[in-house]
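**Student:**
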């Protein structure tokens with residue numbers, strides 16, 4: 058009764074918006090569902106006062122009949138996705154509020170994640186207003202609750218790391234916001250026996266330059282520009298090799314000099330951990346074959362990143 062792909066956001070908000078969790082060239086049934094972490098998980102999901110569930114069910118059945126007729130006539134997969142999404146929204150009316158109600162969590166669990174911890178004070182306006190620490194902490198806790206309820210893919214977005222300036226205050230603030238909750242999530246999953254079957258991936262789409270940036274011509278250089286040539290990610294659980302560091306950059310962090318990893322190779326490795334052969338995930342879209350790991354490039358699984366599990 059919950060989506061297979063859920064998105065939770067914290068911080069200033071990402072510049073990419075909903076395109077970050079869209080379904081791309083797949084049917085819309087595969088798109089992420091954005092949930093609010095407090096109050097109603099999805100606005101306008103609850104029934105209006107006085108409207109019985111049976112009446113809503115009758116309306117959805119009629120709508121399903123019309124959509125099914127359209128699908129049989131046109132064969133458009135988006136219509137099938139629409140039918141599925143309406144049904145999911147109906148089922149979520151009871152499941153989603155229960156998911157986001159954390160009143161049944163112990164105080165020790167809330168403290169471990171830092172749900173009620175005071176907000177770190179020092180930050181610039183660049184990271185945005187609001188209680189980012191408690192928001193991210195709550196999202197990490199909700200992620201564990203989703204794993205327990207069978208949600209397959211959870212995307213937690215924390216912004217903003219876009220440190221073109223104010224690096225001296227904002228990096229420390231952001232680190233304070235995320236370090237405790239993400240560590241608590243990994244420990245919690247492990248203690249509950251869920252980590253072996255759950256892969257936690259932490260990272261972004263690029264790094265920052267090792268050289269200072271001063272686009273504001275300020276007296277102190279406190280920024281770093283975008284840098285896609287070298288950056289780091291970490292994984293925990295779900296088949297990732299524990300205690301292992303892969304690759305190395307040069308002395309200033311500009312370029313990788315040992316075991317560089319292309320993003321397509323990383324994606325192929327993640328799919329391998331999920332038990333999927335990336336070469337078999339080719340989709341025909343608008344007359345062109347498309348694949349996450351690239352049709353025109355030979356992508357490889359990075360075996361060094363995989364946990365070497367013993368067999369009897």
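Numbering (my numbering), first residue to last: 58 to 369.
For each residue, glycine too, the CB sits at the ideal point set by N, CA and C.
(1) Can you give me the C-alpha to C-alpha distance between residue 369 and residue 335, rounded to a whole angstrom?
(2) Using CA coordinates, which residue listed in 207, 206, 263 and 163 is at the minimum distance from residue 220?
(3) Let me know if residue 250 comes out buried or exposed under the rule of 16 or more other beta-carbons within 10 Å of its beta-carbon.
(4) Does the distance from the CB of residue 172 to the CB of residue 194 come in under 9 angstroms?
(5) Alpha carbon to alpha carbon, what distance is there between residue 71 and residue 207?
(6) Should residue 62 and residue 211 be called a contact, given that it needs their Cβ atoms to be closer than 9 angstroms?
(7) My output table needs one value for residue 66: the three-state DSSP class, helix, strand or coil.
(8) Please identify the residue among 305, 157 and 319 whose C-alpha is closest to the C-alpha of residue 313.
(9) Can you tell me the Cα-Cα spacing of residue 252 and residue 107, whole angstroms?
(10) Check whether the Cβ atoms of residue 280 and residue 271 lie closer than 9 angstroms to each other.
(11) Can you list, in chain order, the residues of its chain with a C-beta nearer than 6 angstroms to that of residue 152? Leave out the 5 residues immediately preceding and following it.
(12) Would you decide whether residue 269 is buried or exposed? Buried here means 16 or more other CB atoms lie within 10 Å of its CB.
(13) DSSP three-state call for residue 325: helix, strand or coil?
(14) Can you give me the start and stop residues for the beta strand (DSSP E) that residue 236 sits inside?
(15) Taking a contact to mean a Cβ-Cβ separation below 9 angstroms, would you say residue 78 touches residue 91 in this structure?
(16) Give me, in chain order, the residues of the same chain whose beta-carbon lies closer than 8 angstroms to that of residue 363; leave out the 5 immediate sequence neighbours on both sides.
(17) Considering only the alpha carbon of each residue, which of 257, 66 and 202 lies closest to residue 156?
(18) Which complete alpha helix (DSSP H) runs does the segment 93-152 hold, if anything under 4 residues is left out?
(19) Applying the 10 Å Cβ sphere with the 16-neighbour rule, what's the burial state of residue 125?
(20) Please state the DSSP three-state secondary structure of residue 78.
(21) Taking only the alpha-carbon atoms, compute the straight-line gap between residue 283 and residue 225 and give it to the nearest angstrom.
(22) Residue 310 to residue 286, Cα distance in whole Å?
**Tutor:** On the basis of the supplied data:
(1) As a working note, residue 369 is residue 312 in the chain shown. As a working note, residue 335 is residue 278 in the chain shown. Residue placement at residue 369 cannot be trusted, given a pLDDT of 39 that sits under 50; the coordinates are not used to answer.
(2) Within the chain shown, residue 220 is the residue found at index 163, counting from 1. Comparing alpha carbon positions, the residue from 207, 206, 263 and 163 closest to residue 220 is 263.
(3) Position 193 of the chain shown, counting from 1, holds the residue named residue 250. With fewer than 16 other Cβ atoms within 10 Å, it is exposed.
(4) Counting from one through the chain shown, the residue named residue 172 turns up at place 115. Counting from one through the chain shown, the residue named residue 194 turns up at place 137. For residue 172 and residue 194, yes; Cβs fall inside 9 angstroms.
(5) For the purposes of this step, residue 207 is taken as residue 150 along the chain shown, with counting starting at 1. For the purposes of this step, residue 71 is taken as residue 14 along the chain shown, with counting starting at 1. When rounded, the distance between both Cα atoms is 27 angstroms.
(6) Sequence index remark: in the chain shown, residue 62 carries index 5 (1-based). Sequence index remark: in the chain shown, residue 211 carries index 154 (1-based). Cβ atoms of residue 62 and residue 211: closer than 9 angstroms.
(7) Here residue 66 refers to the residue found at position 9 of the chain shown. Strand, per DSSP.
(8) Along the chain shown, read from residue 1 onward, the residue named residue 313 stands at position 256. When each option's Cα is compared against that of residue 313, the closest is 305.
(9) Taking the first residue of the chain shown as position 1, residue 252 is located at position 195. Taking the first residue of the chain shown as position 1, residue 107 is located at position 50. Spanning the two alpha carbons is a distance of roughly 44 angstroms.
(10) Position 223 of the chain shown, counted from the first residue, corresponds to residue 280. Position 214 of the chain shown, counted from the first residue, corresponds to residue 271. Less than 9 angstroms divides the Cβ of residue 280 from the Cβ of residue 271.
(11) Numbered from its first residue, the chain shown carries residue 152 at position 95. The beta carbon of residue 152 is closer than 6 angstroms to those of 58 and 59 in its chain, skipping five residues each way along the sequence.
(12) Stepping through the chain shown from its first residue, residue 269 is reached at position 212. Exposure of residue 269 is indicated by the presence of fewer than 16 other C-beta atoms within 10 angstroms of its C-beta.
(13) Taking the chain shown and counting its residues from 1, one reaches residue 325 at position 268. Helix at residue 325.
(14) Counting from 1 along the chain shown, the entry for residue 236 is found at position 179. Here residue 236 belongs to no beta strand (DSSP E); instead the alpha helix (DSSP H) covers 224-248.
(15) Position 21 of the chain shown holds residue 78. Position 34 of the chain shown holds residue 91. Yes; because the gap between Cβ atoms is below 9 angstroms, this pair is in contact.
(16) Reading the chain shown from its first residue, position 306 is the one you call residue 363. Cβ within range, chain order: 296, 297, 298, 326, 329 and 330.
(17) Along the chain shown, read from residue 1 onward, the residue named residue 156 stands at position 99. Selected option, being the one with the closest Cα: 202.
(18) Segments of the alpha helix (DSSP H) lying fully in the segment 93-152: 110-131.
(19) As a first step, residue 125 must be located in the chain shown, where it is residue number 68. Taking all protein chains in view, the Cβ of residue 125 is surrounded by fewer than 16 other Cβ atoms within 10 Å, so the residue is classified as exposed.
(20) Here the question's residue 78 lines up with position 21 in the chain shown. Helix, per DSSP.
(21) If you number the chain shown from 1, residue 283 lands on position 226. If you number the chain shown from 1, residue 225 lands on position 168. Their backbone Cα atoms lie some 17 angstroms apart in a straight line.
(22) Locating residue 310 in the chain shown gives position 253, counting from the first residue. Locating residue 286 in the chain shown gives position 229, counting from the first residue. Linking residue 310 to residue 286 through their CA atoms gives a straight-line distance of about 9 angstroms.
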